[in-house]
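Structure first, then comments.
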């Protein structure tokens, strides 16, 4: 991994991202210590592997290794392999996230909220998913299998977070064999809830087709082109009721950019009629802004 050639610029938005990443890491550490550890659950990805290692070492060797130490070492090892495959700023933000979450999990002392395993699984999953989703919205991730999911999302141009449930199955089988199947089954609930929260919060790889009916097509096209790098299809149409000519514009954008596109369309033509359809798959040339 070489870091002497980093072509990055930092703005006020990056400061906001860094603060949000710190908050996300704190929330994640709270969830790990207050829910996951108290319920002996196994989160997805490297967090689950780290929990498994910690519990096995403590059981067989009598050593209490902090979760944060194992988690940090595993994540940083992956960074060495993905450094040139994903945006450098994104990777640095991810290093900041899993470094802070590892540190917080070691130093903070939080109370056990509940002993009810179902509540631990559900609310622990909500907190875990919210923390990771918050990190992703701030151009970071928790590293590990998140890097794999993001790399697949870029290549396939669709969300792949649900696929992580399959990747985590092996860890749960080992956990079930070693510590009992009740913990493994509750961990499935935890991981499912967490994955759905992340999938809801992370909009970058969800695609929407915007259909616009307007009398100011050129003005809208100019506004959209100045905002995002996506093509626009223009079709001459006619209203069936008054037989007046209009122009229909078809724009395909990811949901992360959708609010900006809607805003610039409204500014160009406040009377524009818009409809939105989710896109399941794209074949052909579609520009996806790379992670910085």
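Numbering (UniProt numbering), first residue to last: 1 to 292. Every residue, glycine too, gets a C-beta built ideally from N, C-alpha and C.
Beta-carbon proximity list for residue 41, same chain, < 8 angstroms, skipping 5 on both sides: Within the same chain, Cβ atoms closer than 8 angstroms to the Cβ of residue 41 are found at 35, 51, 120, 121, 124, 183, 186, 187 and 190, the five residues on either side in sequence being excluded.
Buried versus exposed call for residue 257 [16 or more other C-beta atoms within 10 Å across all chains shown]: Buried.
Euclidean distance between Cα positions of residue 246 and residue 104: Residue 246 and residue 104 have their C-alpha atoms roughly 58 angstroms apart.
Residue 246 - DSSP class collapsed to helix/strand/coil: Residue 246 falls in the strand class under three-state DSSP.
Beta-carbon proximity check, residue 82 vs residue 147, cutoff 8 angstroms: A Cβ-Cβ contact shorter than 8 angstroms links residue 82 with residue 147.
Residue 88 versus residue 23: straight-line alpha-carbon distance, rounded: Straight-line measurement puts the Cα of residue 23 at about 21 angstroms from the Cα of residue 88.
Residues bridged to residue 252 (per DSSP): Residue 252 is bridged to 209.
Cβ shell of residue 171 (< 7 angstroms), same chain only, five flanking positions each side left out: Excluding sequence neighbours, residue 171 sits near 42, 48, 49 and 52.
Inter-stretch contact (C-beta, 8 angstroms, three-pair minimum) for the region 204 to 224 and the region 69 to 76: Output reads no: the region 69 to 76 does not touch the region 204 to 224.
Sub-8 angstroms separation of residue 145 and residue 167 beta-carbons: Yes, the pair counts as a contact, with Cβ atoms nearer than the cut-off.
Complete runs of the alpha helix (DSSP H) confined to the region 172 to 232 [at least 4 residues]: The region 172 to 232 contains these whole alpha helix (DSSP H) runs: 181 to 201 and 217 to 225.
Bridge-paired residues (DSSP) for residue 58: DSSP lists no bridge partner for residue 58.
Residue 77 versus residue 211 - alpha carbon distance: If you draw a straight line from the Cα of residue 77 to the Cα of residue 211, it is about 45 angstroms long.
For residue 275: DSSP bridge partner residues: Looking at the DSSP assignment, residue 275 forms a beta bridge with 211.
Beta-carbon spacing of residue 143, residue 194 below 8 angstroms: No, Cβ-Cβ distance for residue 143 and residue 194 is not below 8 angstroms.
Cα-Cα separation, residue 134 to residue 240: Approximately 46 angstroms, taken between the alpha carbons.
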